[in-house]
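Input: a single structure, listed below in structure tokens.
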Amino acid sequence: MHSTLCLFAKKHLTQHLRRGLLGGTRAKYLYPIKEPKLTLPSPPKPLKTEKVKETVPWNTQATYKQALKGLYGGKHIQFGNKISEFGNKSRRTWKPNVQKVKLYSEALNERITIKSTPAALKYIDRKGGLDRYIMSMKDDELGKKMYDLKYKIKSKLADLDRERLAKPGVTMNGGESEIDVSQVEQ
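FYI, the numbering for the sequence shown is 678 to 863, going by our numbering.
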């Protein structure tokens with residue numbers, strides 16, 4: 678038999694064996710029977726334990742990680758083309774105008790150095806100060822430094838509220854404090 682025909686026959690034999698098409702009597706006598714190999718059962722695999730990842734709110738942002746180090750007001754690097762007079766395009770980037778600014782925190786009674794953009798400073802003015810702006814932001818929008826600052830401000834405001842409520846004559850009614858004028862020293 679020609680070698681090409683042998684390869685062809687062998688190929689078809691394997692295909693027929695895979696598909697289970699060799700059920701006739703002739704195939705039983707032409708080809709030797711392959712007995713299955715005896716193997717020992719493998720030991721059971723250890724149970725997979727799910728690893729619990731600590732969710733840190735400041736690791737969720739992936740687009741512009743530099744913005745996690747300050748207040749950028751949603752600004753990030755933009756990409757585009759510079760088109761010359763003759764129509765040639767060359768790739769370029771526009772980076773946000775980041776500046777180091779010292780902003781006053783009323784709750785902490787100190788100036789804090791922060792990297793910020795003019796857009797974020799505009800939002801801070803609209804909100805009425807650094808404390809109100811940071812308190813109005815969600816935790817996942819803040820970086821680690823601003824996240825820590827937010828909770829420092831929160832704890833300081835809670836301490837001030839406790840001190841104010843500890844004074845005699847101050848009560849809380851529906852979230853608003855009232856001062857009894859008769860008990861206040863004049």
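Every residue, glycine too, gets a C-beta built ideally from N, C-alpha and C.
Extent of the continuous beta strand (DSSP E) run through residue i
{"i": "lysine 759", "result": "755-760"}
{"i": "threonine 770", "result": "766-771"}
Residue i burial status per 10 Å Cβ neighbour count (16 or more: buried)
{"i": "lysine 687", "result": "exposed"}
{"i": "lysine 752", "result": "buried"}
{"i": "valine 861", "result": "With a pLDDT of 43 at valine 861, under the threshold of 50, the modelled position of this residue cannot be trusted, and the question is left open."}
{"i": "alanine 797", "result": "buried"}
{"i": "serine 793", "result": "buried"}
{"i": "leucine 826", "result": "buried"}
{"i": "lysine 844", "result": "exposed"}
{"i": "isoleucine 791", "result": "buried"}
{"i": "alanine 835", "result": "exposed"}
{"i": "leucine 724", "result": "exposed"}
{"i": "leucine 807", "result": "buried"}
{"i": "leucine 748", "result": "buried"}
Residue(s) in a DSSP beta bridge with residue i
{"i": "isoleucine 811", "result": "Isoleucine 811 is not bridged to any residue."}
{"i": "glutamate 783", "result": "Glutamate 783 pairs with nothing; no bridge assigned."}
{"i": "isoleucine 801", "result": "Partner(s): none; isoleucine 801 has no beta bridge."}
{"i": "leucine 748", "result": "Ser793"}
{"i": "lysine 777", "result": "Lys792"}
Contact under 9 Å by Cβ, residue i with residue j
{"i": "lysine 746", "j": "glycine 820", "result": "yes"}
{"i": "methionine 823", "j": "methionine 812", "result": "no"}
{"i": "isoleucine 789", "j": "lysine 799", "result": "no"}
{"i": "tyrosine 873", "j": "isoleucine 754", "result": "The question about residue 873 has no answer, for the chain in this structure spans 678 to 863."}
{"i": "threonine 770", "j": "glycine 750", "result": "no"}
Extent of the continuous alpha helix (DSSP H) run through residue i
{"i": "serine 832", "result": "821-843"}
Heavy atom of the ligand GDP within 8 Å of residue i beta-carbon
{"i": "lysine 759", "result": "The ligand GDP is absent from the structure shown, which contains no ligand whatsoever."}
Just checking, does the region 828-841 make contact with the region 776-788 on the three C-beta pairs under 8 Å criterion?
yes
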